[in-house]
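Protein chains in written order, with this note's numbering: chain A, 221 to 411; chain B, 1019 to 1225. No residue lacks a Cβ here, since even glycine has one placed at the ideal position from N, Cα and C. A short write-up of the structure that comes next.
Given below as structure tokens:
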């Protein structure tokens, strides 16, 4: 009986909540073949972009968009833009999702660079902060990860990247271990 | 929904490309950009084309909630905040060499020159100078003369008992007299009644 209650409680906790509000998106912006723009990664690599989501308004904290219709399977990578406080997921060069993120403060900054996803955990409890971190995608050996958190203005993390819980579930399902996560430096730091 | 041309932040060559794109979208040429079949049209194609010709980073900037200032969420004081921030800026005044400002005293106090009325000029004695010689008087009580009886201060006379001076403790006694106690109590009671009376009067006045 007690186990059933606990299990249901856990299921409730990890059930992705619906998005806070509906973001108005237009038709996907396809770049013409042969004129694909490139995005530079912190390690000097360049990745071509075939299409991006057409978000027609400014996203606020807690907002995200996700649209992977008609996008073929392929190499998935995640671009985290600390300067714009945005995360974008690309599959085969097409952007399939974007969300506003939280990142670390100046005292505990989020590392920048290119990281492979080391570990995936749907249910994870941080041993460092004794806190639940659902849909954890571990990036570094010292605990920096992408995980679900309450994304709201004025909040920050201890170096992790926080995304809305339902977006975290979608992202968790879209990436696999070894996929690339590129974290671009925040504003004020050029390098 | 059309993004402004100025928002696209593109150089002259890019602007030419935008014009070409507009021509293409209006049906003159072939489109640069294919549009999702679900919705769209000429207007949507224009908007999508103009956005597509821009950098994807500018699209990210458009949807971004904005960057976070360095130190925006830091709880501790930064070194920049330790400096004096409220410096008083005095307006910089340049001296006007052409027209010097003439300061005129508003009220000038006129005072007649000092004349000492009672001054006695040297060498002109007004009256007879009284001599400074005091007349001889009777000797005062402390004047040398036949001294009265001075009792011996200490010591013992020959054959008398030893006289010890009375020992008086400095600062008075430790226990006050009953009259002093009574005065102290009366004083405290009078202060207390005065304060209570004042409070009561103030309460009545405020009612």
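Between residue i and residue j, what straight-line distance do the alpha-carbon atoms span, to the nearest angstrom?
i: residue 319 of chain A; j: residue 1106 of chain B; result: 46 Å
i: residue 1220 of chain B; j: residue 1198 of chain B; result: 33 Å
i: residue 339 of chain A; j: residue 257 of chain A; result: 31 Å
i: residue 1082 of chain B; j: residue 273 of chain A; result: 13 Å
i: residue 352 of chain A; j: residue 285 of chain A; result: 24 Å
i: residue 349 of chain A; j: residue 379 of chain A; result: 12 Å
i: residue 333 of chain A; j: residue 394 of chain A; result: 21 Å
i: residue 326 of chain A; j: residue 1086 of chain B; result: 11 Å
i: residue 492 of chain A; j: residue 369 of chain A; result: No statement about residue 492 of chain A is possible, as the shown extent of chain A runs from 221 to 411 and does not include it.
i: residue 300 of chain A; j: residue 1078 of chain B; result: 11 Å
i: residue 302 of chain A; j: residue 244 of chain A; result: 23 Å
i: residue 1134 of chain B; j: residue 1206 of chain B; result: 59 Å
i: residue 304 of chain A; j: residue 1084 of chain B; result: 6 Å
i: residue 1053 of chain B; j: residue 246 of chain A; result: With a pLDDT of 45 at residue 1053 of chain B, under the threshold of 50, the modelled position of that residue is not reliable, and the figure given next carries that caveat. Using only the alpha carbons, I get a separation of about 10 Å.
i: residue 1048 of chain B; j: residue 248 of chain A; result: Any reading at residue 1048 of chain B is ruled out, since the residue's pLDDT is 36, under 50, leaving its predicted position unreliable.
i: residue 1204 of chain B; j: residue 1223 of chain B; result: 28 Å
i: residue 405 of chain A; j: residue 324 of chain A; result: 12 Å
i: residue 396 of chain A; j: residue 287 of chain A; result: 18 Å
i: residue 306 of chain A; j: residue 1109 of chain B; result: 46 Å
i: residue 294 of chain A; j: residue 259 of chain A; result: 17 Å
i: residue 1208 of chain B; j: residue 1124 of chain B; result: 57 Å
i: residue 283 of chain A; j: residue 387 of chain A; result: 9 Å
i: residue 1088 of chain B; j: residue 315 of chain A; result: 28 Å
i: residue 399 of chain A; j: residue 335 of chain A; result: 8 Å
i: residue 329 of chain A; j: residue 290 of chain A; result: 37 Å
i: residue 385 of chain A; j: residue 1090 of chain B; result: 24 Å
i: residue 268 of chain A; j: residue 1076 of chain B; result: 16 Å
i: residue 342 of chain A; j: residue 1080 of chain B; result: 32 Å
i: residue 346 of chain A; j: residue 366 of chain A; result: 12 Å
i: residue 381 of chain A; j: residue 321 of chain A; result: 6 Å
i: residue 358 of chain A; j: residue 364 of chain A; result: 6 Å
State yes or no: is the beta carbon of residue i nearer than 8 Å to at least one beta carbon in chain A?
i: residue 1123 of chain B; result: no
i: residue 1079 of chain B; result: yes
i: residue 1023 of chain B; result: Because residue 1023 of chain B sits at a pLDDT of 43, beneath the cut-off of 50, its placement in the model cannot be relied upon, and the point is left open.
i: residue 1076 of chain B; result: no
i: residue 1052 of chain B; result: Residue placement at residue 1052 of chain B is poorly supported in this model, since its pLDDT is 46, which falls under 50; the coordinates are not used for a value here.
i: residue 1083 of chain B; result: yes
i: residue 1086 of chain B; result: yes
i: residue 1210 of chain B; result: no
i: residue 1219 of chain B; result: no
i: residue 1213 of chain B; result: no
With a threshold of 8 Å between beta-carbons, can residue i be considered close to chain B, or not?
i: residue 298 of chain A; result: no
i: residue 406 of chain A; result: yes
i: residue 279 of chain A; result: yes
i: residue 267 of chain A; result: no
i: residue 376 of chain A; result: yes
i: residue 292 of chain A; result: no
i: residue 384 of chain A; result: no
i: residue 306 of chain A; result: yes
i: residue 272 of chain A; result: yes
i: residue 364 of chain A; result: no
i: residue 275 of chain A; result: yes
Looking at the unbroken beta strand (DSSP E) that takes in residue i, where does it start and where does it end?
i: residue 1132 of chain B; result: Here residue 1132 of chain B belongs to no beta strand (DSSP E), and DSSP marks it neither H nor E.
i: residue 308 of chain A; result: 306–311
i: residue 355 of chain A; result: Unbroken run through residue 355 of chain A: none, as it is neither H nor E.
i: residue 436 of chain A; result: Past the edges of chain A, shown from 221 to 411, lies residue 436 of chain A, and the structure says nothing about it.
i: residue 259 of chain A; result: 258–260
i: residue 336 of chain A; result: 333–336
i: residue 267 of chain A; result: 266–268
i: residue 191 of chain A; result: This structure gives no information on residue 191 of chain A, because the portion of chain A shown stretches from 221 to 411.
i: residue 299 of chain A; result: 296–301
i: residue 368 of chain A; result: 365–368
Specify, as a first and last residue, the run of the alpha helix (DSSP H) that residue i falls within.
i: residue 281 of chain A; result: Where residue 281 of chain A is concerned, there is no enclosing alpha helix (DSSP H), given that its DSSP letter is neither H nor E.
i: residue 247 of chain A; result: First-last for residue 247 of chain A: undefined, no H or E at that position.
i: residue 318 of chain A; result: No alpha helix (DSSP H) contains residue 318 of chain A, which is instead part of the beta strand (DSSP E) from 314–320.
i: residue 390 of chain A; result: 385–394
i: residue 1080 of chain B; result: 1074–1081
Please confirm whether residue i has its beta-carbon closer than 8 Å to some beta-carbon of chain C.
i: residue 301 of chain A; result: The structure shown has no chain C; the protein chains it does contain are A and B.
Between the segment 309–340 of chain A and chain B, which residues of the former have a C-beta closer than 9 Å to a C-beta of the latter? Under the 9 Å Cβ criterion, the segment 309–340 of chain A contributes 315, 318, 320, 323, 325, 326, 327.
What residues in the segment 249–267 of chain A have a beta carbon less than 8 Å from any beta carbon of chain B? From the segment 249–267 of chain A, only 249, 250, 251, 252, 255, 257, 259 have a Cβ closer than 8 Å to chain B.
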